[in-house]
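> Numbering (this note's numbering), first residue to last: 735 to 1139. For each residue, glycine too, the CB sits at the ideal point set by N, CA and C. Source: prediction; values computed, not measured. Take a look at the following structure, please.
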Amino acid sequence: MTKIMKPGSMNTSRRNVLRGSMLAGAAAMTGAAVMAAPRAPKMNGINAASSKIYRASDQKASASDATPVDLSGYTRVKQELVAPPFAPKHEQVATGGPKIIEVTLETTEKLMVVDEDNGAEIWALTYNGSVPGPLIICHEGDMVEVTIRNPESSMMEHNVDFHASTGALGGGGLTHVYPGEEAVLRWKATKPGCFTYHCAPGGDMIPYHVCHGMNGAVMVLPRDGLKDRDGNALTYDSIAYIGEQDYYLPRDENGDYKTYAVAGDDYADSLEAMRGLVPTHQVFNGAVGALTGENALKAKVGETVLMVHNSCNVDSRPHLIGGHGNYVWETSFTDPALTGVETWFVRGGCAVAAMYTFEQPGVYAYVNHNLIIGVMLGATAHFVVEGEWDNELMEQVVAPRSFET
């Protein structure tokens, strides 16, 4: 009989995090997955709200007698992932037949400063050490083969749920790895568009991991590239990959942000803070100012930038101050893009692509246009654009001067 542990009811030492953290992915239940090697679970505690889902998923997987897929027509390509806001090398229009895109995600738990002005910090749970996790790019019809590795030094178990994939729990049950373990998942990209991925190990640890930075995006391009509604090709010069992250940092009785010795020590305090649904910070790419000042995004007049915006947990309303979304794909690349958009919508749990060609030099602020979030909580980025000014588009006719009343 499974013993149900109440989240937050126990001390959060490493031993207890591993035993009772509710990281009850399908792999920790009754059989993991089709052709997955059996192993005994390392924990007894399972969050009651999620256990039925995982049991049902396991039963379906264990009952399957699916035959191995024929991969003879695929070419293997290793994709070198890079840290945000940059994108890996890729083809905008696919050449040749379908490919198996090999990527590696290493779960890294690291102390990150969220806001230097007030000392706010968090033990971030990351893929490859960044918030958001790296952007993965493939084409419709490709296979994405993901190796997920959890270092022995980790305090927690991790997994990954791909919204772009087709299959129970987005592969979350098949990628559930304890410290010192790795797993390999292969899934077919059948739907073109931008999609989020995130850690979803079970129960309260799902929002805990997501709100500690463990999410990223996959872009599945059409094989013949992006097009407008009339079928004309659309190309971009660069990608700006932006991840919007909500943090719920615990405070002490004086209102100061608490600090913790290791990842997981904040578990109970974080659950309490998260239940209020009021983020202390809502930032781009992990921290206040991560994409401003010396870290601002760069472009030139005439360059076309594809802005890929991932928001795993909260809705967002991006706006490029001084520019527009010439083309915006809020849902998928299958549907025609919205055109001439001033502010677009990113649903929580989604990634969105917006394309703009810069026409004027200067500093453009890219913000969540809930301006409380954009200005006060940190969801602001800057594009610094070089080039020649065009007075026909905008001109200061009279500089500020005093006037008589």
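Please give the ranges of any alpha helix (DSSP H) in the region 922–963, keeping only runs that are unbroken, at least 4 residues long and fully inside the region.
Counting only runs of 4 or more, we get 939–944.
> CA-CA distance, G959 and V1062?
Cα-Cα distance, rounded: 15 Å.
> Which residues does DSSP list as the beta-bridge partners of I882?
Paired residue(s): L839 and A917.
> Does A1115 come out as helix, strand or coil in the three-state DSSP assignment?
Strand.
> For the beta strand (DSSP E) containing A1002, name the first residue and the last one.
No beta strand (DSSP E) contains A1002, which is instead part of the alpha helix (DSSP H) from Y1001 to M1008.
> In terms of residue numbering, what span does the beta strand (DSSP E) encompassing C872 cover?
Taken as a continuous stretch (DSSP letters only), the beta strand (DSSP E) holding C872 covers I870 to H873.
> Note down the Cα distance separating P1052 from E879, rounded to an integer number of angstroms.
Roughly 31 Å between the two C-alpha positions.
> P866: buried (16+ other C-beta within 10 angstroms of its C-beta) or exposed?
P866 should be labelled buried.
> Would you kindly work out how many angstroms separate the C-alpha atoms of A1085 and C928, rounded to a whole number?
In a straight line, the C-alpha of A1085 is about 5 Å away from that of C928.
> According to DSSP, what are the bridge partners of E1120?
For E1120, which the question treats as bridged, DSSP gives the partners K1034.
> Which same chain residues end up closer than 7 Å to M1128 when comparing Cβ atoms and leaving out the 5 residues on each side of it in sequence?
Result list for M1128: Q1094, in chain order.
> So G1056 and G1108 are in contact, right, with Cβ under 8 Å, and what is the actual spacing, rounded?
Not a contact, Cβ separation roughly 14 Å.
> Please state whether the Cβ-Cβ distance between A1071 and W1078 is less than 8 Å.
Taking 8 Å as the Cβ cut-off, A1071 and W1078 do not qualify as a contacting pair.
> Would you check if the distance between the CB atom of F1018 and the CB atom of A1099 is smaller than 8 Å?
No, Cβ-Cβ distance for F1018 and A1099 is not below 8 Å.
> Nearest to G807 by alpha carbon, out of I834, E916 and Y931?
The option with the nearest alpha carbon to G807 is I834.
> For a quick check, are the C-beta atoms of Y1001 and L869 less than 8 Å apart?
Not closer than 8 Å, so no.
> Please return the same chain residues whose Cβ sits closer than 7 Å to the Cβ of L1040, not counting the five positions on each side in sequence.
Y970, I973, A1087 and M1089.
> Output the distance between the C-alpha atoms of T1038 and T801, rounded to the nearest integer angstrom.
Each residue's Cα considered, the two are about 45 Å apart.
> Would you check if the distance between the CB atom of A1133 and the CB atom of Y991 is smaller than 8 Å?
Contact flag unset, no.
> Taking DSSP as the reference, what is the three-state secondary structure of L1025?
Looking at L1025 - three-state DSSP - the assignment turns out to be coil, as it is neither helix nor strand.
> Could you pull out every residue in the same chain whose Cβ sits closer than 6 Å to the Cβ of A934, ignoring the five residues on either side in sequence?
Closer than 6 Å at the Cβ level, and outside the excluded window around A934, lie D895, G906 and I940.
> Which residues does DSSP pair with S972 in a beta bridge?
S972 pairs with V1039.
> So for G1074, helix, strand or coil by DSSP?
It is a strand residue.
> Whole angstroms is fine: what's the gap from T1073's alpha carbon to D1003's?
In a straight line, the C-alpha of T1073 is about 44 Å away from that of D1003.
> Is it buried or exposed, W1123, if we count other Cβ atoms within 10 angstroms and call 16 or more buried?
By the 10 Å Cβ count, W1123 comes out exposed.
> Mind checking which residues open and close the beta strand (DSSP E) that includes H910?
Note, H910: premise wrong, no beta strand (DSSP E); not H, not E.
> Tell whether a beta-carbon distance below 8 Å holds between H1058 and V1080.
Cβ distance not < 8 Å, so H1058 and V1080 don't count as in contact.
> Quick check on Q1130: buried or exposed, where buried means 16 or more other Cβ atoms within 10 Å of its Cβ?
Flag for Q1130 reads exposed.
> Which whole-angstrom value describes the C-beta separation of H892 and V918, a residue pair presumed to lie in contact below a C-beta threshold of 8 Å?
That belief does not hold up - the Cβ atoms of H892 and V918 are roughly 15 Å apart, past 8 Å.
> Any contact between the region 1019–1036 and the region 950–967? By contact I mean 3 or more CB pairs, one from each, below 8 Å.
Because the criterion of three Cβ pairs below 8 Å is not met, the region 1019–1036 and the region 950–967 do not touch.
> What's the C-alpha gap between M890 and E1006?
Going by the C-alpha atoms only, they are around 19 Å apart.
> Sort L815, V1048, G831 and A1021 by Cα distance to V1012 and report the nearest one.
Looking at the Cα atoms, V1048 is the closest of the given residues.
> For Y1090, which beta-bridge partners are listed by DSSP?
Per DSSP, V1039.
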